[in-house]
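K.L.:
Per the working numbering, the very first residue in the sequence shown carries number 22; after that it's consecutive.
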Amino acid sequence: MTDAPAARLAAFLEQLEDARRARGVTLIVVTKRHPAALVRELAEAGHRDFGESRHPESRDKAEELAGLGLTWHFVGQLQRNKARQVARYADVLHSIDSTELVEVLEGGDERPLRDALVQVNLTDDPGRGGVAPADVDALAERVAASSALRLRGVMAVAPLGEEPGRAFERLARHAERVRAIDPDARWISAGMSADWREALEHGATHLRIGTAITGNRPADG
Ligand SMILES: *Cc1c(COP(=O)(O)O)cnc(C)c1O
22 MTDAPAARLA AFLEQLEDAR RARGVTLIVV TKRHPAALVR ELAEAGHRDF
72 GESRHPESRD KAEELAGLGL TWHFVGQLQR NKARQVARYA DVLHSIDSTE
122 LVEVLEGGDE RPLRDALVQV NLTDDPGRGG VAPADVDALA ERVAASSALR
172 LRGVMAVAPL GEEPGRAFER LARHAERVRA IDPDARWISA GMSADWREAL
222 EHGATHLRIG TAITGNRPAD G
């Protein structure tokens, strides 16, 4: 029986075991649209890293589950007018995609440096999330110099209609250049339920897995 999320989590971790031993891959369970109860169930099974993409839903869950010692990864698009609120509860911001966004975050307060990833747009559509490939290095330098963020690496979503391995290969090249800017910025956040094997082949250090562990997301609403 593997239909309970905790059982699927255990099975998934088993598949990842070799990769994790080789280079410490972090599994982020993406729980958007699922209730806090599901996060709690996986936390009770020992899991700590969770991904969310929609404020304020993400804030409500982080508040409800405060005290469990969870690490919250914000993986959705960061709107400038909400970014400072997100930075209050999110430990890792995966979707830094403009210098303006960095400036907004520097206008904030209080909390220590947030871990941050530069999101790379691997599609031809400038309307999709992420910074254009040509602007990745400049943005990474800006994040590395930021008073609010700690540059950790890169993040991307594989485009539809392209073999994901090819897209992740491009991402790996960006990751290498970002590492040249800051040798500690070694994270590659890539790979979802459908393409995590290809992401691992191309060096992913952080997988963002939703449905393969949580089951289907409840309908929007
Ligand atoms: C929802 C989401 C995921 C997880 O997707 P699945 O296909 O359910 O594994 C990963 N990354 C981002 C940015 C997401 O929005």
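From the three backbone atoms N, C-alpha and C, an ideal C-beta is built for every residue, glycine too.
Give the list of continuous alpha helix (DSSP H) stretches no shorter than 4 residues that lie fully inside the region 83-122.
P.N.:
Counting only runs of 4 or more, we get 101-110.
K.L.:
Taking the alpha-carbon positions, what's the Arg163 to Glu124 distance?
P.N.:
Here residue 163 is taken as the residue at index 142 of the sequence shown, counted from 1. Here residue 124 is taken as the residue at index 103 of the sequence shown, counted from 1. Their backbone Cα atoms lie some 10 Å apart in a straight line.
K.L.:
Can you tell me whether Asp146 is buried or exposed, with buried defined as 16 or more other CB within 10 angstroms of its CB?
P.N.:
If you number the sequence shown from 1, residue 146 lands on position 125. So Asp146 ends up on the exposed side.
K.L.:
Please give me, in chain order, every unbroken run of the beta strand (DSSP E) with length at least 3 that falls completely inside the region 141-178.
P.N.:
170-176
K.L.:
To the nearest angstrom, how far is it from the Cα of Glu197 to the Cα of Leu48?
P.N.:
By one-based count along the sequence shown, residue 197 stands at place 176. By one-based count along the sequence shown, residue 48 stands at place 27. The alpha-carbon atoms of Glu197 and Leu48 are separated by roughly 21 Å.
K.L.:
Would the beta-carbon of Thr92 be found less than 7 Å away from any heavy atom of ligand 1?
P.N.:
Taking the sequence shown and counting its residues from 1, the one referred to as residue 92 is at position 71. Flag unset: Cβ of Thr92 not near ligand 1.
K.L.:
Is the CB-CB distance between His115 and Ser210 below 8 Å?
P.N.:
If you number the sequence shown from 1, residue 115 lands on position 94. If you number the sequence shown from 1, residue 210 lands on position 189. In this structure, Ser210 lies closer than 8 Å to His115 by Cβ.
K.L.:
Once the 5 residues before and after Tyr110 are set aside, which same chain residues still bring their CB inside 8 Å of it?
P.N.:
Walking along the sequence shown from the start, residue 110 turns up at place 89. Cβ neighbours of Tyr110 beyond the five flanking positions: Ser79, Arg80, Ala83, Glu84, Trp93.
K.L.:
Provide the residue span of the beta strand (DSSP E) that contains Glu73, from first to last.
P.N.:
Taking the sequence shown and counting its residues from 1, one reaches residue 73 at position 52. That run of the beta strand (DSSP E) goes 70-73.
K.L.:
State the start and end residues of the unbroken alpha helix (DSSP H) segment that holds Arg187.
P.N.:
As a position in the sequence shown, residue 187 is number 166, starting the count at 1. Arg187 -> alpha helix (DSSP H) spans 185-202.
K.L.:
Any heavy atom of ligand 1 closer than 7 Å to the beta-carbon of Glu215?
P.N.:
Here residue 215 is taken as the residue at index 194 of the sequence shown, counted from 1. According to the sequence as given, residue 215 is Ala; it is not Glu. Yes, the beta carbon of Ala215 sits closer than 7 Å to at least one heavy atom of ligand 1.
K.L.:
Answer yes or no: the CB of Thr47 versus the heavy atoms of ligand 1, is any distance below 7 Å?
P.N.:
Numbered from 1 along the sequence shown, position 26 holds the residue referred to as residue 47. No, the beta carbon of Thr47 sits no closer than 7 Å to any heavy atom of ligand 1.
K.L.:
Thinking C-alpha only, which one of Pro77, Leu63, Lys53 is nearest Ala32?
P.N.:
For this step, residue 32 is matched to residue 11 along the sequence shown. Selected option, being the one with the closest Cα: Leu63.
K.L.:
Report all residues from its chain with a CB closer than 8 Å to the CB of Thr226; omit the five preceding and five following residues, and keep chain order.
P.N.:
Taking the first residue of the sequence shown as position 1, residue 226 is located at position 205. Closer than 8 Å at the Cβ level, and outside the excluded window around Thr226, lie Arg44, Gly45, Val46, Thr47, Gly174, Arg207, Trp208, Ile209, Ser210.
K.L.:
Quick test of your reading: Arg171 and Asp136, contact by CB under 8 Å. State the CB separation rounded to the nearest angstrom.
P.N.:
Sequence index remark: in the sequence shown, residue 171 carries index 150 (1-based). Sequence index remark: in the sequence shown, residue 136 carries index 115 (1-based). With a Cβ gap of about 5 Å, Arg171 and Asp136 count as contacting.
K.L.:
May I have the straight-line CA-CA distance separating Gln36 from Gly128, to the nearest angstrom?
P.N.:
Working through the sequence shown from its first residue, we reach residue 36 at position 15. Working through the sequence shown from its first residue, we reach residue 128 at position 107. Cα-Cα distance, rounded: 42 Å.
K.L.:
According to DSSP, is Asp2 helix, strand or coil?
P.N.:
This structure cannot settle anything about residue 2, because the visible part of the chain is limited to 22 through 242.
K.L.:
Measure the alpha-carbon distance for Ala166 versus Leu122 and round it to whole angstroms.
P.N.:
By 1-based counting over the sequence shown, the position of residue 166 is 145. By 1-based counting over the sequence shown, the position of residue 122 is 101. Roughly 14 Å between the two C-alpha positions.
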